[in-house]
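Asker: To start, I am sharing the structure in question, which I have written as structure tokens.
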Amino acid sequence: MELLNIIKPLNGLVFEVKDTIAPTNYTYNVSICSHIEGSGPNVAAVQYENTKDKKKIFTLGKSNMVDIMGGTDWILLTYYGGDKYGSHCNYTERVTRIMIICDPNVLKGKFEILEERRLSKNMSNCYYLFELGSNVSCTVKKEEILPQKLSSGSVFCILFFYCSFSVSDMWIFV
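Using the UniProt record's numbering, you'd call the opening residue of the sequence shown number 1 and step up by one each time.
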């Protein structure tokens, strides 16, 4: 639940990305923890396949079927419950994974598709993998980094102890 609170500033944002790998002609819309307007209930990720005759739409995952995990400077959001594959991936439902990586300079950074994993007919571990740069996943926030300066109180203490020990050392040698 803590990770869902961490990514709250991204809630409701919808990203659109085109797959640039030929010969595909896909466009993806992916939402963070909300549904996409004009799609079915709870649909959080869709794939549009542009063909000459028509536009095919596939649901890639739903916001009410989500898993989240995280580590140092990354959060992985996974949507389940997408449309079933036709002939590959063992006819399993499509799965979408969004890797939110640390970009300390922006809330909503670069969003891209990295891969669609569907290597063989019998394989059932298929997914769409997207990457988003955002400061929400940074383990150490910019404002938490302390400046490397000494306060005036620290300087006073250093001088006081230095002078105290220097004077006491002089009495030993006299």
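Glycine included, every Cβ here is placed at the ideal spot set by N, Cα and C.
The model shown is predicted, which means the values in this text are computed figures rather than measured ones.
1. Leaving out the 5 sequence neighbours to the left and right, which residues in its chain are closer than 6 Å to V66 when beta-carbon positions are compared?
2. Could you work out which residue in F111, I57, T72 and L60 is closest to L3 when comparing CA atoms only?
3. Could you tell me which whole beta strand (DSSP E) segments of length 3 or greater appear in the UniProt domain "MRH" (1-140)?
4. Can L132 and P9 be called in contact, C-beta distance under 8 Å?
5. Given a threshold of 16 other Cβ atoms within 10 Å of its Cβ, counted over all protein chains shown, does T20 qualify as buried or as exposed?
6. Hey, would you say I101 sits closer than 8 Å to F130, going by beta carbons?
7. Count the other CB atoms within 10 Å of the CB of L114; is the residue buried (16 or more) or exposed (fewer)?
8. Determine the burial state of G82: buried for a count of at least 16 other Cβ atoms within 10 Å of its Cβ, exposed for fewer.
9. Excluding the 5 residues preceding and the 5 following I36 in the sequence, name in chain order all residues of the same chain whose CB lies nearer than 7 Å to its CB.
Answerer: The answer reads as follows:
1. Excluding positions up to five away in sequence, the list reads Y79.
2. Closest option to L3, Cα to Cα, is T72.
3. Counting whole runs of 3 or more residues, the UniProt domain "MRH" (1-140) contains the beta strand (DSSP E) stretches 14-18, 26-31, 43-50, 55-71, 74-80, 96-102, 111-117 and 127-134.
4. For L132 and P9, no; Cβs fall outside 8 Å.
5. Using a 10 angstroms sphere on the CB of T20, the tally of other CB atoms stays under 16, which defines it as exposed.
6. It is not a contact, given that the beta carbons lie outside the stated cut-off.
7. Per the 10 Å Cβ criterion, exposed.
8. The residue is buried, with at least 16 neighbouring Cβ atoms inside 10 Å.
9. Contacts found: V14, N29, V43, A44 and V46.
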